[in-house]
Amino acid sequence: MQNFGGVLRNFGASGRPLISSRYSLFYLRSSPPKFRPMSRAVTPRSKDYARWYTDVIQKAELADYGPVRGTMVIRPYGYAIWEAIKAAYDQRFQATGHVNAYFPLLIPRSYFSREADHVEGFAKECAVVTHSRLRAAADGGVEVDPESKLEEDLVIRPTSETVIWAMYKQWITSYRDLPILINQWANIVRWELRTRLFLRTSEFLWQEGHTAHATAEEAREEALRMLDIYKEVAETEMALPVLASPKTEAEKFAGAVETWSIEAMMGDGRALQAGTSHFLGQNFAKAFDVTFRNEANEEDYVWATSWGVSTRLVGAVVMTHGDDKGLRLPPRIAPIQTVIVPIYTDESKSTVLESAGKLSAGIEQAGVRVKLDDRETVTPGFKFNDWELKGVPLRVEVGPRDVAAGQAVVVRRDIDQKQTLPLETLPAALPDLLEEIQASLYRQAEEFREQNMRQIEDWQEFKDFMVKGGFAVCGWDGDPATETAIKEETKATIRGILQDEDPGGLTCIYSGKPARFKVVLARAY
RNA sequence: CGGGGCAUGGCGCAGUCCGGUAGCGCGCUUCGUUCGGGACGAAGAGGUCGCGAGUUCAAAUCUCGCUGCCCCGACCA
Numbered sequence: 006m007q008n009f010g011g012v013l014r015n016f017g018a019s020g021r022p023l024i025s026s027r028y029s030l031f032y033l034r035s036s037p038p039k040f041r042p043m044s045r046a047v048t049p050r051s052k053d054y055a056r057w058y059t060d061v062i063q064k065a066e067l068a069d070y071g072p073v074r075g076t077m078v079i080r081p082y083g084y085a086i087w088e089a090i091k092a093a094y095d096q097r098f099q100a101t102g103h104v105n106a107y108f109p110l111l112i113p114r115s116y117f118s119r120e121a122d123h124v125e126g127f128a129k130e131c132a133v134v135t136h137s138r139l140r141a142a143a144d145g146g147v148e149v150d151p152e153s154k155l156e157e158d159l160v161i162r163p164t165s166e167t168v169i170w171a172m173y174k175q176w177i178t179s180y181r182d183l184p185i186l187i188n189q190w191a192n193i194v195r196w197e198l199r200t201r202l203f204l205r206t207s208e209f210l211w212q213e214g215h216t217a218h219a220t221a222e223e224a225r226e227e228a229l230r231m232l233d234i235y236k237e238v239a240e241t242e243m244a245l246p247v248l249a250s251p252k253t254e255a256e257k258f259a260g261a262v263e264t265w266s267i268e269a270m271m272g273d274g275r276a277l278q279a280g281t282s283h284f285l286g287q288n289f290a291k292a293f294d295v296t297f298r299n300e301a302n303e304e305d306y307v308w309a310t311s312w313g314v315s316t317r318l319v320g321a322v323v324m325t326h327g328d329d330k331g332l333r334l335p336p337r338i339a340p341i342q343t344v345i346v347p348i349y350t351d352e353s354k355s356t357v358l359e360s361a362g363k364l365s366a367g368i369e370q371a372g373v374r375v376k377l378d379d380r381e382t383v384t385p386g387f388k389f390n391d392w393e394l395k396g397v398p399l400r401v402e403v404g405p406r407d408v409a410a411g412q413a414v415v416v417r418r419d420i421d422q423k424q425t426l427p428l429e430t431l432p433a434a435l436p437d438l439l440e441e442i443q444a445s446l447y448r449q450a451e452e453f454r455e456q457n458m459r460q461i462e463d464w465q466e467f468k469d470f471m472v473k474g475g476f477a478v479c480g481w482d483g484d485p486a487t488e489t490a491i492k493e494e495t496k497a498t499i500r501g502i503l504q505d506e507d508p509g510g511l512t513c514i515y516s517g518k519p520a521r522f523k524v525v526l527a528r529a530y
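Add 5 to a position in the first sequence, counting from 1, and you land on the number used in the working numbering.
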């Protein structure tokens with residue numbers, strides 16, 4: 006079996022602290038049939054999963070639709086989640102020797118003819134700038150000034166390979182210039198027609214790493230190292246169990262020699278590609294004629310990788326952990342980890358607020374991101390629902406009775422469990438509690454995946470399974486025609502290759518021939 | 001590109017069949033009472049009914065044209 010550089014090592018093994026398995030039973034529970042005004046509640050997941058997703062994102066104020074079709078506004082709360090994810094990745098990029106840089110948004114059209122392979126994948130969804138001026142129009146608005154037509158059209162980047170490699174050509178002449186380990190945090194535009202907030206929008210934010218190396222081995226190692234980082238951050242920071250595995254020829258990036266991805270299972274059983282890493286071989290170096298002198302004083306093409314994750318990860322968090330009350334955020338990426346809701350009457354107001362204020366300061370001291378919700382215009386009950394919708398991991402309730410007793414009520418969002426803690430020791434208890442929630446969310450997601458992932462060897466069973474949703478582990482004969490046929494008949498695609506040499510005894514799920522690969526199949530977002 | 005549907009206050013909708021000058025819920029504003037699971041009362045503000053033309057004494061409502069959006073299919077990945 007081929008060595009995937011430690012990628013498969015982690016397959017199915019969480020390495021996370023276990024917690025009582027009874028918690029997992031709560032994952033699929035439906036919320037109690039309480040009355041809620043329709044305009045405030047989120048559409049139940051079981052009723053309409055797609056609508057539930059949109060409801061949660063809009064009502065939790067993560068994002069809103071932009072004026073141009075397919076664009077989205079990432080609102081402060083949603084952006085804060087992205088910033089937390091971004092920080093987790095950036096820190097690891099830096100720790101592995103990468104540096105950040107920024108390349109231009111606008112790319113000369115001529116750059117795109119240089120390497121047809123990778124352009125092919127994006128050509129049909131590129132926005133192009135053709136003019137540089139507006140002028141007053143008769144109707145009182147403005148119109149494009151035809152006089153300002155550009156000599157060369159400019160393409161708004163759908164990805165930055167072309168500009169970056171054009172620059173690398175200038176920067177690289179010797180093995181002494183290598184490796185180059187550059188990452189860029191940027192926005193890109195792909196003119197999508199069918200869009201969904203965070204998952205697929207015409208413009209989105211991402212990170213693209215582009216590295217150049219002197220040897221194939223070093224580049225390939227780099228691609229796998231970044232894949233490992235993707236997996237590690239997804240699991241430890243976002244509590245998303247992911248499968249890290251190689252892609253098939255049909256599913257890999259057009260310009261790549263090899264592509265790996267991390268795949269997560271959403272709450273409806275569909276797969277979401279949450280990050281990709283590519284070993285590009287010398288394809289880009291050849292397309293852009295980037296050569297260098299190696300230690301033996303020979304001229305050679307540079308070896309390359311690229312890798313990226315995007316704001317799509319925010320959607321993955323929503324669809325993995327959310328429930329009928331709204332979001333459930335893993336503490337490590339939650340903008341607010343604990344919210345304090347004071348409850349008071351006119352007489353008790355000052356004492357309660359004073360107590361809540363002290364508590365807030367104490368919790369902040371303990372290193373927890375805390376917010377005291379002292380809004381006077383809404384009731385405590387409203388606040389409970391509001392913060393549950395927004396997925397805050399812990400809520401602390403402080404009322405007159407609590408203050409009198411020197412205690413407060415702490416409620417976990419992940420399992421809806423209440424406990425009463427003394428005010429003095431409460432702040433110190435929260436960090437551990439938050440870690441427990443982090444682990445609990447991971448466990449719940451992992452158990453859900455285990456329940457909806459299994460080996461299937463019968464075609465009819467496979468078709469039924471795909472309708473229901475889930476990950477199917479199957480044999481595949483390795484024929485691209487088979488892969489296409491499966492897709493056409495079931496909408497399922499091969500998400501990753503688990504084992505790439507004869508997986509003893511397995512037959513191809515479609516053709517019935519002896520299987521050359523063991524793969525994971527699922528419908529994907 | 002083909003089929004279907006919808007455009008009415010910030011949001012969600014009724015009213016259109018059978019023309020008579022616009023209403024409901026939520027939200028918003030003010031005041032008061034409330035506050036341990038989405039509070040209540042009272043008083044308010046807010047709409048050229050997608051755009052254009054026609055019929056009529058009178059058009060959200062009927063006729064024609066246009067535009068935009070949504071769903072299904074096709075195409076694409």
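Note that beta-carbon positions come from the ideal geometry of N, C-alpha and C, so glycine has one too.
R201: which of R317, S355, V344, R454 sits nearest, CA to CA?
-> Taking the first residue of the first sequence as 1, we reach residue 201 at position 196. Proximity to R201 across R317, S355, V344, R454 peaks at R317, based on C-alpha coordinates.
Consult DSSP for A191 and reduce its assignment to one of helix, strand or coil.
-> Within the first sequence, numbered from 1, the residue matching residue 191 stands at position 186. A191: strand per DSSP, three-state reduction.
Mind checking which residues open and close the alpha helix (DSSP H) that includes A243?
-> As a working mapping, residue 243 is identified with position 238 in the first sequence. Position check: residue 243 holds Met in this sequence, whereas Ala was assumed. For M243, there is no enclosing alpha helix (DSSP H), as DSSP marks it with neither H nor E.
Within 10 angstroms of the Cβ of S137, are there 16 or more other Cβ atoms? Answer buried if so, exposed if not.
-> Position 132 of the first sequence, counted from the start, is the residue given in the question as residue 137. It counts as exposed.
Check whether the Cβ atoms of G480 and L526 sit closer than 8 Å, and answer yes or no.
-> Locating residue 480 in the first sequence gives position 475, where the first residue counts as 1. Locating residue 526 in the first sequence gives position 521, where the first residue counts as 1. The answer is no: Cβ separation not under 8 Å.
Smallest Cα separation from T310: which of L446, E166, L439?
-> The sequence position of residue 310 within the first sequence is 305, counting from 1. Between T310 and the set L446, E166, L439, the nearest pair of CA atoms involves E166.
Please say whether W265 and P251 have beta carbons closer to each other than 8 Å?
-> Counting from one through the first sequence, the residue named residue 251 turns up at place 246. Counting from one through the first sequence, the residue named residue 265 turns up at place 260. Yes, the Cβ-Cβ distance between P251 and W265 is below 8 Å.
Excluding the 5 residues preceding and the 5 following L155 in the sequence, name in chain order all residues of the same chain whose CB lies nearer than 8 Å to its CB.
-> Residue mapping note: residue 155 aligns to position 150 of the first sequence, counting from 1. Correct list, in chain order: V134, T135, H136, S137.
On a CA-only basis, which of P336, R140, G509 is nearest A85? Give me that one, please.
-> The count along the first sequence starts at 1 and reaches residue 85 at position 80. Of the candidates P336, R140, G509, the one whose C-alpha sits nearest the C-alpha of A85 is P336.
Applying the criterion that 16 or more other CB atoms from any shown protein chain within 10 Å of the CB defines a buried residue, is G517 buried or exposed?
-> Taking the first residue of the first sequence as position 1, residue 517 is located at position 512. By the neighbour-count definition (other C-beta atoms within 10 Å, threshold 16), G517 is an exposed residue.
Give a yes or no on whether the C-beta atoms belonging to W308 and L210 are separated by under 8 Å.
-> For this step, residue 308 is matched to residue 303 along the first sequence. For this step, residue 210 is matched to residue 205 along the first sequence. Going by beta carbons, W308 and L210 fall outside the 8 Å limit.
In chain order, what residues of the same chain lie with their CB nearer than 7 Å to the CB of E130, ignoring the 5 residues before and after it?
-> Taking the first residue of the first sequence as position 1, residue 130 is located at position 125. Correct list, in chain order: P163, R195, W196, E197.
Span of the beta strand (DSSP E) around G286 = Counting from 1 along the first sequence, the entry for residue 286 is found at position 281. Secondary structure note for G286: its beta strand (DSSP E) is the uninterrupted segment 276-286.
For D469, which three-state DSSP category applies?
-> What you label residue 469 is simply residue 464 of the first sequence in a count that begins at 1. The DSSP-derived three-state label of D469 is helix.
Identity of the residue in W170, A486, T430, G411 nearest K291 by Cα = Mapped onto the first sequence, residue 291 falls at position 286. The shortest C-alpha separation from K291 is found at W170.
How big is the Cα-Cα spacing for A371 and I442?
-> In the first sequence, counting from the first residue as 1, residue 371 sits at position 366. In the first sequence, counting from the first residue as 1, residue 442 sits at position 437. Spanning the two alpha carbons is a distance of roughly 17 Å.
Minimum C-alpha distance to A450 - residue among D95, A269, E381, R500 = Here residue 450 refers to the residue found at position 445 when the first sequence is read from its first residue. Of D95, A269, E381, R500, the residue nearest in Cα terms is A269.
Taking three-plus beta-carbon pairs below 8 Å as touching, is the region 176-193 in contact with the region 206-222?
-> Yes, they touch.
Kindly provide the ranges of any alpha helix (DSSP H) runs that are 4 or more residues long and lie completely inside the region 477-514, ordered along the chain.
-> Counting whole runs of 4 or more residues, the region 477-514 contains the alpha helix (DSSP H) stretches 485-495.
Span of the beta strand (DSSP E) around M270 | In the first sequence, residue 270 corresponds to position 265, counting from 1. For M270, the uninterrupted beta strand (DSSP E) segment begins and ends at 263-270.
Buried or exposed for N288, please, with buried defined as at least 16 other CB atoms from any protein chain shown within 10 angstroms of its CB.
-> For the purposes of this step, residue 288 is taken as the residue at position 283 of the first sequence. By the neighbour-count rule (16 or more Cβ atoms within 10 Å), N288 is buried.
How about K363 and A65: are their beta carbons less than 8 Å apart?
-> Taking the first residue of the first sequence as position 1, residue 363 is located at position 358. Taking the first residue of the first sequence as position 1, residue 65 is located at position 60. In this structure, A65 does not lie closer than 8 Å to K363 by Cβ.
What do you reckon, are the CB atoms on D407 and A413 nearer than 8 Å?
-> Reading the first sequence from its first residue, position 402 is the one you call residue 407. Reading the first sequence from its first residue, position 408 is the one you call residue 413. It is a contact, given that the beta carbons lie within the stated cut-off.
May I have the straight-line CA-CA distance separating P184 from H218, to the nearest angstrom?
-> Here residue 184 refers to the residue found at position 179 when the first sequence is read from its first residue. Here residue 218 refers to the residue found at position 213 when the first sequence is read from its first residue. Their backbone Cα atoms lie some 5 Å apart in a straight line.
Distance CB(R380)-CB(W392) smaller than 8 Å | As a position in the first sequence, residue 380 is number 375, starting the count at 1. As a position in the first sequence, residue 392 is number 387, starting the count at 1. No, they are not a contact pair.
Helix, strand or coil for Q212, going by three-state DSSP, please let me know.
-> Looking up residue 212 in the first sequence gives position 207. If DSSP states are grouped into helix, strand and coil, Q212 belongs with the strands.
Secondary structure, alpha helix (DSSP H): runs of 4+ residues fully inside the region 371-406 | Whole alpha helix (DSSP H) segments, 4+ residues: 385-394.
Within the same chain, show all residues whose beta-carbon is closer than 6 Å to that of D378, passing over the 5 residues directly before and after it, in chain order.
-> For this step, residue 378 is matched to residue 373 along the first sequence. So the qualifying residues of the chain are V344, V346, K388.
Starting from Y306, trace the beta strand (DSSP E) both ways and give me its first and last residue.
-> Locating residue 306 in the first sequence gives position 301, counting from the first residue. 304-306 is the span of the beta strand (DSSP E), which, as asked, contains Y306.
Let me know if Y447 comes out buried or exposed under the rule of 16 or more other beta-carbons within 10 Å of its beta-carbon.
-> Translated into the one-based positions of the first sequence, residue 447 becomes position 442. Buried, since its Cβ has 16 or more Cβ neighbours within 10 Å.
Express the C-alpha separation of E237 and C513 in angstroms, rounding to a whole number.
-> Numbered from 1 along the first sequence, position 508 holds the residue referred to as residue 513. Numbered from 1 along the first sequence, position 232 holds the residue referred to as residue 237. Rounded to whole angstroms, C513 to E237 spans 32 Å at the Cα level.
Per DSSP, I112 is paired with what?
-> Taking the first residue of the first sequence as position 1, residue 112 is located at position 107. Partner residues in the beta bridge of I112, as assigned by DSSP, are V160.
Going straight from the alpha carbon of M231 to that of V61, what length do you get?
-> In the first sequence, residue 231 corresponds to position 226, counting from 1. In the first sequence, residue 61 corresponds to position 56, counting from 1. M231 and V61 have their C-alpha atoms some 31 Å from each other.
Is it the case that the Cβ atoms of S115 and E157 are separated by a distance below 8 Å?
-> Counting from 1 along the first sequence, the entry for residue 115 is found at position 110. Counting from 1 along the first sequence, the entry for residue 157 is found at position 152. Yes, Cβ-Cβ distance for S115 and E157 is below 8 Å.
Report all residues from its chain with a CB closer than 8 Å to the CB of T546; omit the five preceding and five following residues, and keep chain order.
-> Because the chain in this structure spans residues 6 to 530, residue 546 falls outside the shown range and cannot be described.
Roughly how many angstroms lie between the CA atoms of Y515 and I491, to the nearest whole one?
-> For the purposes of this step, residue 515 is identified with residue 510 of the first sequence, where counting begins at 1. For the purposes of this step, residue 491 is identified with residue 486 of the first sequence, where counting begins at 1. Straight-line Cα distance between these residues: approximately 7 Å.
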